[in-house]
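S.K.: The numbering of the sequence shown is my numbering, which starts it at 6 and goes up by one. In this text, a Cβ means the ideal position worked out from N, Cα and C, and glycines have one as well. One structure coming up, written as structure tokens, with questions to follow.
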Amino acid sequence: MTHLRDRVSAIPGIRLALQPTQDLTIDAETGPTQYRLSLEGESSANVITWTERLLQRLQSVPELRHASSDASTTGLSAFVDINRDTAARLSIPASSIDDALYSAFGQRIVSTIFTDTNQYRVILEARPDTANSPDSLHDLSINTGSGKPTPFSAFSQITERAAPLQITRVAQYPASTLGFDTAPGNTLGDAVDAIRAAAKEIGLPASVSLHFLGAAGAYEASLANELWLLLAAVVCVYIVLGVLYESYVHPLTILSTLPSAGIGALLALLCAGEGLGVIGIIGIILLIGIVKKNAIMMIDFAIEAERTEGKSPQEAIHQAALLRLRPILMTTLAALFAALPLMFGWGEGAELRRPLGLAIFGGLIVSQLLTLFTTPVIYLGFDRLARRVRSAPAQGMPA
């Protein structure tokens with residue numbers, strides 16, 4: 006790399022700029038931009054019209070750069086207009102015309118030559134010197150019903166017209182693809198929101214649907230399901246803890262530590278300028294398992310002290326907070342130090358791991374500062390509530 010930089014710097018007016026790129030991708034296709042979206046509609050003309058309008062608007066959006074589209078990409082194509090009446094008089098069916106064109110310009114395999122070690126395909130094609138321009142199609146011959154060769158010019162007309170270089174369809178409906186990159190200092194979430202706002206601003210009709218592809222589509226799908234995913238994780242933890250402690254109340258005490266961890270993770274991502282993407286959500290889900298161990302250490306010790314030593318809830322949780330402070334700090338520091346390489350790492354893929362380290366580090370710091378004081382208070386509060394609920398039916402019974 007140093008040798009390449011020295012050679013380029015020797016050229017006047019040329020500067021070598023190295024920009025980190027994301028090697029990990031979930032896109033099914035590649036292109037000149039990192040992210041893509043598609044417009045789908047009922048007609049090609051309608052899709053192309055709205056694609057050009059949206060593209061023109063996206064080129065002025067500050068959150069994006071390098072906005073491009075494949076809808077307006079055209080090139081010269083040769084069109085063969087067949088005079089069907091003349092072809093019918095010459096006894097030339099449409100299938101024969103297709104076969105003649107495919108034999109001249111396709112990849113028709115007419116034979117295979119086998120040797121001791123290899124095999125060679127014999128491809129039928131037109132002579133290169135007679136098929137170097139659309140005008141040469143006039144001289145391409147085809148056998149008529151009488152067996153006489155007849156040139157294409159006798160029953161067809163060849164013209165050159167502009168045509169799309171590619172035709173994209175999704176579920177048999179016309180579609181077009183737009184590509185974009187995020188501007189410096191902006192996240193993928195900012196770009197997605199800006200594109201949605203731009204589509205609404207130009208009045209994108211309901212007959213043309215907008216869908217994000219690849220990484221951008223996965224981002225939107227993850228945001229659509231993140232609330233249910235987090236809720237399912239919390240419910241699973243509550244069920245496991247309820248079975249473990251045989252109580253409906255103590256799992257709520259342990260789960261009370263999760264809001265502070267989520268707030269800390271979001272604050273860390275916000276201070277570092279990182280958006281809440283898929284990796285950040287994974288970090289918050291990991292915090293559910295890491296953070297609740299602080300409360301588990303204290304609650305488990307307090308419940309055991311109440312059941313075996315007959316201590317009051319206040320004495321039990323006070324002793325648990327004193328005796329479990331050192332293991333809580335040790336496990337928290339171990340997790341914090343494990344998150345540091347993710348936060349400050351460099352090299353390929355470092356930008357992918359950084360939100361994970363930030364979410365874990367921020368969530369652990371905030372939760373550690375709060376839960377050591379809030380967990381005993383919440384434990385005693387739920388214990389008093391449970392006692393009142395149990396004593397209410399007894400007070401209502403007649404003497």
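Would the stretch 245 to 253 and the stretch 83 to 99 be scored as touching if the rule is three or more Cβ pairs under 8 Å?
M.R.: No: fewer than three Cβ pairs fall under 8 Å.
S.K.: Among the residues of its own chain, which have a CB less than 7 Å from the CB of residue 174, if the five just before and after it don't count?
M.R.: By one-based count along the sequence shown, residue 174 stands at place 169. The residues are 180.
S.K.: With a CB to CB cut of under 6 Å and the five nearest residues on each side skipped, what residues in its chain are close to residue 189?
M.R.: For the purposes of this step, residue 189 is taken as the residue at position 184 of the sequence shown. No residues qualify anywhere along the chain.
S.K.: Between residue 300 and residue 315, what straight-line distance do the alpha-carbon atoms span, to the nearest angstrom?
M.R.: Against the sequence shown, residue 300 aligns to sequence position 295. Against the sequence shown, residue 315 aligns to sequence position 310. Using only the alpha carbons, I get a separation of about 21 Å.
S.K.: Pick from 333, 348, 235, 238: whose alpha carbon is nearest that of residue 374?
M.R.: Here residue 374 is taken as the residue at index 369 of the sequence shown, counted from 1. The residue with the shortest Cα to Cα distance from residue 374 is 333.
S.K.: With 16 as the cutoff for other CB atoms within 10 Å, does residue 28 come out buried or exposed?
M.R.: On the sequence shown, residue 28 is found 23 positions in, with the first residue counted as 1. Low local confidence applies: a pLDDT of 45 at residue 28 is under 50, so the model's placement there is unreliable, with the coordinate-based value given in what follows. So residue 28 ends up on the exposed side.
S.K.: Using three-state DSSP, classify residue 180 as helix, strand or coil.
M.R.: Along the sequence shown, one-based indexing puts residue 180 at 175. Correct three-state label for residue 180: strand.
S.K.: Just reading off the beta strand (DSSP E) that residue 443 is part of, what are its end residues?
M.R.: The structure shown does not extend to residue 443, since the chain is modelled only from 6 to 404, so the question has no answer here.
S.K.: Where are the beta strand (DSSP E) runs, 3 residues long or more, that stay fully inside the stretch 232 to 320, in chain order?
M.R.: Complete beta strand (DSSP E) runs here, min 3: none at all.
S.K.: With the cut-off set at 7 Å, would you say residue 214 and residue 296 are in Cβ contact?
M.R.: Working through the sequence shown from its first residue, we reach residue 214 at position 209. Working through the sequence shown from its first residue, we reach residue 296 at position 291. Their beta carbons are not under 7 Å apart, which means residue 214 does not touch residue 296 by this criterion.
S.K.: Confirm, please, whether the CB-CB distance from residue 339 to residue 270 is below 7 Å.
M.R.: The count along the sequence shown starts at 1 and reaches residue 270 at position 265. The count along the sequence shown starts at 1 and reaches residue 339 at position 334. Taking 7 Å as the Cβ cut-off, residue 270 and residue 339 do not qualify as a contacting pair.
S.K.: Might you give, ordered along the chain, the residues of its own chain that have their beta carbon closer than 6 Å to the beta carbon of residue 384, omitting 5 neighbours on each side?
M.R.: Stepping through the sequence shown from its first residue, residue 384 is reached at position 379. Excluding positions up to five away in sequence, the list reads 258, 322.
S.K.: Could you tell me the alpha carbon to alpha carbon distance between residue 294 and residue 231, rounded to whole angstroms?
M.R.: Within the sequence shown, the letter at position 289 stands for residue 294. Within the sequence shown, the letter at position 226 stands for residue 231. If you take the alpha carbons of residue 294 and residue 231, they lie about 17 Å apart.
S.K.: For the beta strand (DSSP E) that contains residue 53, what are its first and last residues?
M.R.: In the sequence shown, residue 53 corresponds to position 48, counting from 1. Counting along the chain, residue 53 falls outside any beta strand (DSSP E), though it belongs to the alpha helix (DSSP H) covering 49 to 63.
S.K.: Rounding to the nearest angstrom, what Cα-Cα distance links residue 241 and residue 274 in this structure?
M.R.: In the sequence shown, counting from the first residue as 1, residue 241 sits at position 236. In the sequence shown, counting from the first residue as 1, residue 274 sits at position 269. Each residue's Cα considered, the two are about 26 Å apart.
S.K.: Using the Cβ count rule (16 or more neighbours within 10 Å means buried), how would you classify residue 265?
M.R.: In the sequence shown, the residue the question calls residue 265 occupies position 260. It counts as buried.
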